[in-house]
Amino acid sequence: MSTTRATWWPAIETTSSPRPWSGSSTASSGAERRSVDPQRARRLLGLTETADQREVRAAYRRLIRITHPDVTATPNAAERTIELRLAYEVLRSGDAPTDRVPPDPSGADPVVGNEVVDEAGPVSVERVDADTIALGLPPDETLLVVLDVAHRLGEVAYLDPSAGLVEVIVEFLDAPTSSVLIHLQGRGTGQTEAICSIEPLSGGSVPPTEAVTNLLQRTLKDALGVNRP
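FYI, in the working numbering the residues of the sequence shown are 4 to 232.
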């Protein structure tokens, strides 16, 4: 196995393509196969037929942060999370209207129900350093997105929500299986930074931190539906 930097740089990959997480290993196989039509998707997310993309995203975020099996021990949390993700994917794919909410003459932020609508567009996922990505989300929402991405890339080995720590074991191509530790830090700007560190778990040279951070950024963008540059 080659251990040269050029083998991995700049597009290191895992042994399999990043995959959507389908819940824990005990999740019902029936739930994984279940299809969700637009009408059922709206019911699952508590939306009307006129809900636009911002309402879809707000409803999904609100529900997923209380149902995700990595943050709750509620029975059937994994199956519920699968259904919510399927519903979100169906409505995000184009079924929900994309018309913007008309501006309020008073200049106040537009609202839907009791929620302020996000007018900023897609969530930002920016590189700020070789080992750091800044996401335009608060820490609690960032944690859920990072957990989703961690399940796509490998196996979650450690989780400490209070400390903002997620460890994922990743099997790379042309690089040793490694522990990738992601440390989340909220900033006063409204962003949350995800700081990566890598430690090989088998023989060979450690994958370049910047290459692994690039992989994490690409997978975060895929998970959030953000178009790559």
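Backbone N, C-alpha and C fix where the C-beta goes; we use that ideal spot for every residue, glycine too.
Should residue i be flagged as near chain B, meaning a C-beta pair shorter than 8 Å?
i     : result
Tyr91 : Chain labels in this structure do not include chain B; a single protein chain is all it has.
Return the residue from the list the options that minimises the CA-CA distance to residue i.
i      : options                        : result
Val148 : Asp134, Pro164, Ala133         : Pro164
Ser205 : Leu227, Ser181, Leu94, Pro211  : Ser181
Pro203 : Arg57, Arg83, Glu174           : Glu174
Arg46  : Arg83, Glu129, Ile198, Asn79   : Arg83
Lys224 : Glu196, Leu140, Ile185, Val126 : Val126
Gly139 : Ala80, Ala197, Leu94           : Ala197
Tyr91  : Ser208, Thr135, Ile201, Pro41  : Pro41
Ala54  : Val128, Leu94, Gly191, Leu146  : Leu94
Pro141 : Cys199, Ala133, Val128, Asn79  : Val128
Residue i lies in the alpha helix (DSSP H); which residues open and close that run?
i     : result
Glu92 : 80-93
Pro41 : 41-48
Thr53 : Unbroken run through Thr53: none, as it is neither H nor E.
Using the beta-carbon count (16 or more within 10 Å), is residue i buried or exposed?
i      : result
Asn117 : Legend: pLDDT at Asn117 = 40, less than 50; position of this residue unreliable, no value from coordinates given.
Leu218 : buried
Gly170 : The amino acid at residue 170 is misidentified as Gly; the sequence shows Glu. Buried.
Pro72  : buried
Ala153 : buried
Arg190 : exposed
Let's see if you can read the secondary structure: which residues bound the beta strand (DSSP E) around residue i?
i      : result
Glu129 : 128-132
Would residue i pass as a contact of residue j if the rule is Cβ separation under 8 Å?
i      : j      : result
Leu187 : Gly207 : no
Arg64  : Glu144 : yes
Gln220 : Arg130 : yes
Arg212 : Ala137 : Here the sequence assigns Thr to residue 212, which means Arg is not the residue at that position. Their beta carbons are not under 8 Å apart, which means Thr212 does not touch Ala137 by this criterion.
Val159 : Leu150 : yes
To test your reading of the DSSP string, which unbroken alpha helix (DSSP H) runs of 4 or more residues are found completely within the segment 134-214? DSSP assignment within the segment 134-214 yields the following whole alpha helix (DSSP H) runs of 4 residues or more, N-terminal first: 142-156.
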